[in-house]
Amino acid sequence: MSHLAIAAPVPPGKNAGWRQMFSLDNRFMPPLLITLILLVGNVSFGILESYQKTLLAIVSSMVAELILGRIFLHKWPHLASAYITGISVGILLRSPFFWPYALCSLLAITSKYVLRVKGRHIWNPSNFGISAMVFLAAESVATLSIQWGNNLGAMLVIWLLGSVIIWRLRRFHICAVYVISFIALAFLRTWITGDPLLSEISPITGPEYQLFIFFMITDPKTTVRSKKGQCIVAFAVAVVEMLLRLDQSVYAPFYALFMVGPIALLVEMWLNSRRISGSATTVNP
Amino acid sequence: MKRIPIARTLVSIFFVGLLLVPIIVRRLSGRQVAAQTKLDTKAALANHGFYLTEVSHAAGIDFVHQGPTLDSKLAAIMPEVASMGASVSIVDFDRDGWPDIYVTNSAEGSKNRLYRNMHDGTFKDVAEELGIADVNQAGTGVSMGSVWGDYDNDGYEDLYLVKWGRPELFHNDHGHGFTRVSEQAGLPPWINANTAVWFDYDGDGLLDLFVGGYYPEDVDLWHLKSTRMMPNSFEYANNGGRKYLFHNLGNGRFEEVSAKVGIDSRRWALAAAAADLRGTGHPDLFVANDYGVSELYLNDGKRFHEAGAQTGVGFAPKSGMNVAFGDIFNQGKYAVYVSNISEDGVLIQGNNLWVPREGMNGNSIKYENMARDMGVELGGWSFGAQFGDLNNDGTLDLYLTNGYVSLNRKKSYWYDFTKISGGNSTIIGDAKNWPGMDGRSLSGYQQKHLWLNDGAGKFIDVAQSVGVTDTYDGRAVALADLWNNGALDVVVANQRGPLLIYKNTVSPDEQWIEFQLEGTKSNRSAIGAQVALWWNGQKQIQEVSGGSGFSAQNDRRLHFGLGKNPQIEKAVIRWPSGRVQTLDSLVSGKLYKIEEPE
Numbered sequence: 162m163s164h165l166a167i168a169a170p171v172p173p174g175k176n177a178g179w180r181q182m183f184s185l186d187n188r189f190m191p192p193l194l195i196t197l198i199l200l201v202g203n204v205s206f207g208i209l210e211s212y213q214k215t216l217l218a219i220v221s222s223m224v225a226e227l228i229l230g231r232i233f234l235h236k237w238p239h240l241a242s243a244y245i246t247g248i249s250v251g252i253l254l255r256s257p258f259f260w261p262y263a264l265c266s267l268l269a270i271t272s273k274y275v276l277r278v279k280g281r282h283i284w285n286p287s288n289f290g291i292s293a294m295v296f297l298a299a300e301s302v303a304t305l306s307i308q309w310g311n312n313l314g315a316m317l318v319i320w321l322l323g324s325v326i327i328w329r330l331r332r333f334h335i336c337a338v339y340v341i342s343f344i345a346l347a348f349l350r351t352w353i354t355g356d357p358l359l360s361e362i363s364p365i366t367g368p369e370y371q372l373f374i375f376f377m378i379t380d381p382k383t384t385v386r387s388k389k390g391q392c393i394v395a396f397a398v399a400v401v402e403m404l405l406r407l408d409q410s411v412y413a414p415f416y417a418l419f420m421v422g423p424i425a426l427l428v429e430m431w432l433n434s435r436r437i438s439g440s441a442t443t444v445n446p
Numbered sequence: 002m003k004r005i006p007i008a009r010t011l012v013s014i015f016f017v018g019l020l021l022v023p024i025i026v027r028r029l030s031g032r033q034v035a036a037q038t039k040l041d042t043k044a045a046l047a048n049h050g051f052y053l054t055e056v057s058h059a060a061g062i063d064f065v066h067q068g069p070t071l072d073s074k075l076a077a078i079m080p081e082v083a084s085m086g087a088s089v090s091i092v093d094f095d096r097d098g099w100p101d102i103y104v105t106n107s108a109e110g111s112k113n114r115l116y117r118n119m120h121d122g123t124f125k126d127v128a129e130e131l132g133i134a135d136v137n138q139a140g141t142g143v144s145m146g147s148v149w150g151d152y153d154n155d156g157y158e159d160l161y162l163v164k165w166g167r168p169e170l171f172h173n174d175h176g177h178g179f180t181r182v183s184e185q186a187g188l189p190p191w192i193n194a195n196t197a198v199w200f201d202y203d204g205d206g207l208l209d210l211f212v213g214g215y216y217p218e219d220v221d222l223w224h225l226k227s228t229r230m231m232p233n234s235f236e237y238a239n240n241g242g243r244k245y246l247f248h249n250l251g252n253g254r255f256e257e258v259s260a261k262v263g264i265d266s267r268r269w270a271l272a273a274a275a276a277d278l279r280g281t282g283h284p285d286l287f288v289a290n291d292y293g294v295s296e297l298y299l300n301d302g303k304r305f306h307e308a309g310a311q312t313g314v315g316f317a318p319k320s321g322m323n324v325a326f327g328d329i330f331n332q333g334k335y336a337v338y339v340s341n342i343s344e345d346g347v348l349i350q351g352n353n354l355w356v357p358r359e360g361m362n363g364n365s366i367k368y369e370n371m372a373r374d375m376g377v378e379l380g381g382w383s384f385g386a387q388f389g390d391l392n393n394d395g396t397l398d399l400y401l402t403n404g405y406v407s408l409n410r411k412k413s414y415w416y417d418f419t420k421i422s423g424g425n426s427t428i429i430g431d432a433k434n435w436p437g438m439d440g441r442s443l444s445g446y447q448q449k450h451l452w453l454n455d456g457a458g459k460f461i462d463v464a465q466s467v468g469v470t471d472t473y474d475g476r477a478v479a480l481a482d483l484w485n486n487g488a489l490d491v492v493v494a495n496q497r498g499p500l501l502i503y504k505n506t507v508s509p510d511e512q513w514i515e516f517q518l519e520g521t522k523s524n525r526s527a528i529g530a531q532v533a534l535w536w537n538g539q540k541q542i543q544e545v546s547g548g549s550g551f552s553a554q555n556d557r558r559l560h561f562g563l564g565k566n567p568q569i570e571k572a573v574i575r576w577p578s579g580r581v582q583t584l585d586s587l588v589s590g591k592l593y594k595i596e597e598p599e
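Taken in sequence, the protein lines are chains G and L.
Each number in the numbering used here corresponds to the 1-based position in the first sequence with 161 added.
Each number in the numbering used here corresponds to the 1-based position in the second sequence with 1 added.
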């Protein structure tokens, strides 16, 4: 849940001048969106138990990014992605204790620098952090439990706003494929389990999925490059999630992305290396 | 050149260390499932000053609660929707000076019990002969709870029966029987409620009655017109039952005045209690709501002003299921304990211990949640809780029961529960969208909590080591000195489970004093009367309650633990009429029967 802004700048067009004048740098859009979600959610529905915990998550995340970025990249990194990671942890994680917020943020950011293959980190940081926490510290943490009042209006606003921003960042197709796949597979699940269809669709109408869809599965740094590949990965996440759901896994979406995301990247790297070696062979017989 | 590889190695070690933190924290916190061990009474007395022994069978009580069977349209989720109804209230209905026990049953056609205290450690069910057993007949709904109060000031406690169905008021005919007076009193034909409180909100010397609706009153749970009767939100539901405030007119009749006095809510009330939280002389009303925020109605003697958000108790929505008041710091102020849901790895709402902030009182009162700091936050799927000094050391302890639906131990409904609970209101509001439970448990077989107040800001859970080892689906907890021996015993009503009587044995060094109050100008039950006791340089307040906890009512007698070698300075009684009475020359180890001076 972190790097939407860093990739995919808006290409200059004939109206680029006025667009630039009236629009923000893309890298600030996701942080603004998630801040808006946080503020609206908390003012209207009290989604945070405490500002201190969210602040702790954000500060831990940004400090870790600064230190690790400085060590490994020899420069002060842009903090937009760390901010999003921290704020995501603050929103999604639920715990009566303070330490899980700091730990989750540290795990998320550190994973970016430790779990790398050919220079790329392969897990979405906050997905890694959240998945690790709910798996390793189940007795101390849960994920978001407050549902925006289960309110249709709030849900529509977030979906609309998120979609506009994601469209602008040219990653809407990922969200669309995932949502369509989720709903299609809900039919399959209900056929298998016999549970009401709406109960299978129900999760995607909640805020946890809004954050998951707009900030995790669309992360440019941890998704494959091609549009077609992105669509396939989004579909694969939905399929693995379905399997996990059939096994009654409460955190199915997080675990599905945790599993599918790195595999997709590794496959892409392998295909790329084959292509490069193939080209090299052709050029240098 | 080697800087980055070395740094990478160090960061990798750091990363592995981070992954190990949860394991280390788990070991350090010792938060493991306590093994059920045989009670060591000597060790319990030495370490904690008391122990509890479950004696229901020996006391002649073999009551097992039966749950209702609602409309077959709800069959798939019946264990969940029919998961309440076990309740207990303590009353000395015959004025013989010994606390009796009333328990509700909830199957259609089942019978409630009134256990008369036989003074020898045994109890005898007299509900049938006195006319308050057969109250769950088909077509009239079933019992959910009961509260006792002397609404006509004749000296005998009358019974209000909380139901999903036809609410009932029974007049106590001098301890010899009960007469049903529901229609004469002016009660409505149907309320789906889980909570009611007797209190004299306007100080006219007559007990009034608050009833908090859960399901809407136009829903007949046995003949559903529609399955769209579930909450429209898990956090902000506003489609529950209405609230009632029955003002006692003094002629055996009540007038419903809730809207007139500022109580207008359709949240899903599960628990309520009243006490003078601000020292104004008027009882305030605290309502814990399921699927939403709590409400605090501040009372100016004539009208109520809802101040949940303003005071801090009504902002973060949870699943409120209990309201209990206790002066836990011995500072003359009540903290409020509201129970909620916590399930490892799924949902951690945490219970609330609302403590008034320093220097704030009156209308500016604000509360902060100290549950985490004091160690009473995590209690599973928590239900009823009560404050009481169980080891007589001079500080109030906290007993909490819990557990929602215990069916198949190996299969959990939590996954399906989270699936539906996160969804949109149009989905969750309709029962037909809910996945079937299929015999699965939902936070079942949970260990109970008995938190001892160490007097220094912490509560320590000693349940297992003092003999509380049951894992039934607990609902209501009531405290009373059933043996009249200066120790608070614990009565627990379990859903589809046995009524448990935990007899308390306290170290004889720990002293106590009790007060039994009777109003004259004030309501005769003395509900709302407050005793402030000064001893050994400290002060504790307690108030006679017309219902607290979850579907429960403690004994009206007030019990104070005093610790070792107490020097009692005085007790000051503030009666609901406003009269203040000071008692000197009190000695420990006695029950004082005090009548309000004319």
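We put the beta carbon where it would ideally sit given N, CA and C, even for glycine.
As the structure is a prediction and not an experimental result, all values here were calculated from the model.
Contact set for residue i: own chain, Cβ-Cβ below 8 Å, skip 5 residues either direction
i, result
"Y503 (chain L)", "L53, T54, E55, V56, G468, V469, D490, V491, V492 and V493"
Proximity test, Cβ basis, 8 Å: residue i and chain G
i, result
"K420 (chain L)", "yes"
"A8 (chain L)", "yes"
"F1 (chain L)", "Residue 1 (chain L) is absent from the model: chain L starts at 2 and stops at 599."
"Y603 (chain L)", "In this structure chain L extends from 2 to 599, so residue 603 (chain L) is not present and cannot be described."
"E158 (chain L)", "no"
Spatially closest choice to residue i from the options, by CA coordinates
i, options, result
"V198 (chain L)", "L:H177, L:G132, L:S523 and L:V163", "L:V163"
"L399 (chain L)", "L:K411, L:V463 and L:N341", "L:V463"
"S365 (chain L)", "L:G280, L:T583 and L:T312", "L:T312"
"F233 (chain G)", "G:L405, G:I362, G:E402 and G:R281", "G:R281"
"G247 (chain G)", "G:K236, G:L264, G:L322 and G:W237", "G:L264"
Close beta carbons around residue i, own chain, < 7 Å, minus the five adjacent residues each side
i, result
"T378 (chain L)", "Rather than Thr, the amino acid found at residue 378 (chain L) in this sequence is Glu. Cβ neighbours of E378 (chain L) beyond the five flanking positions: G351, N352 and A372."
"L46 (chain L)", "Y52 and S508"
"D41 (chain L)", "none"
"T141 (chain L)", "G166 and R167"
"V356 (chain L)", "A336, Y368, E369 and M371"
"Y292 (chain L)", "P232, S234, F235, E236, A238, W269 and S320"
Per-residue contacts from residue i into chain G (C-beta, under 9 Å)
i, result
"K433 (chain L)", "P357 and L359"
CB contact check: residue i to chain L, cutoff 8 Å
i, result
"L427 (chain G)", "no"
"I283 (chain G)", "no"
"I319 (chain G)", "no"
"T158 (chain G)", "The requested residue 158 (chain G) is not part of the displayed model; chain G covers only 162 to 446."
"V201 (chain G)", "no"
"P238 (chain G)", "no"
"V295 (chain G)", "yes"
"F183 (chain G)", "Residue placement at F183 (chain G) cannot be trusted, given a pLDDT of 44 that sits under 50; what the coordinates show is reported in the next sentence. No, its Cβ sits nowhere closer than 8 Å to a Cβ of chain L."
"E402 (chain G)", "no"
Residues that residue i contacts on chain L, provided the C-beta gap is smaller than 8 Å
i, result
"M316 (chain G)", "N425"
"W260 (chain G)", "V22 and V26"
Contacts that residue i makes with chain L (C-beta to C-beta distance below 9 Å)
i, result
"G367 (chain G)", "S422, G423, G424 and N425"
Contact set for residue i: own chain, Cβ-Cβ below 6 Å, skip 5 residues either direction
i, result
"G437 (chain L)", "A77"
"G242 (chain L)", "N193, G214, Y215, Y216, P217 and E218"
"D363 (chain L)", "Per the sequence shown, residue 363 (chain L) should be read as Gly rather than Asp. Only R279 meet the Cβ criterion."
Interface residues of chain G facing residue i [CB-CB closer than 7 Å]
i, result
"V22 (chain L)", "L264"
Contacts that residue i makes with chain L (C-beta to C-beta distance below 7 Å)
i, result
"T271 (chain G)", "V12, F15, F16 and L19"
| query | For the 8 Å Cβ check, are there 3 or more pairs between the stretch 218-238 of chain L and the stretch 203-210 of chain L? | reply | no
| task | Report yes or no: do the stretch 286-298 of chain G and the stretch 402-421 of chain G share at least 3 C-beta pairs separated by less than 8 Å? | result | yes
| field | Sufficient close CB pairs (3 or more, under 8 Å) joining the stretch 415-425 of chain L to the stretch 385-392 of chain L | value | no
| said: I want to know whether the stretch 251-268 of chain L touches the stretch 276-285 of chain L - three or more CB-CB distances under 8 Å. | reply: no
| query | Do the stretch 306-325 of chain L and the stretch 578-585 of chain L meet, that is, are 3 or more Cβ pairs less than 8 Å apart? | reply | no
| query | If you pair each beta-carbon of the stretch 127-134 of chain L with each one of the stretch 531-543 of chain L, do three or more pairs fall below 8 Å? | reply | no
| field | Segment contact flag, the stretch 261-272 of chain L with the stretch 341-348 of chain L, C-beta cutoff 8 Å, min 3 pairs | value | Contact between the stretch 261-272 of chain L and the stretch 341-348 of chain L is absent, because fewer than three Cβ pairs lie under 8 Å.
| query | Are the stretch 476-489 of chain L and the stretch 85-104 of chain L touching, with three or more C-beta to C-beta distances below 8 Å? | reply | yes
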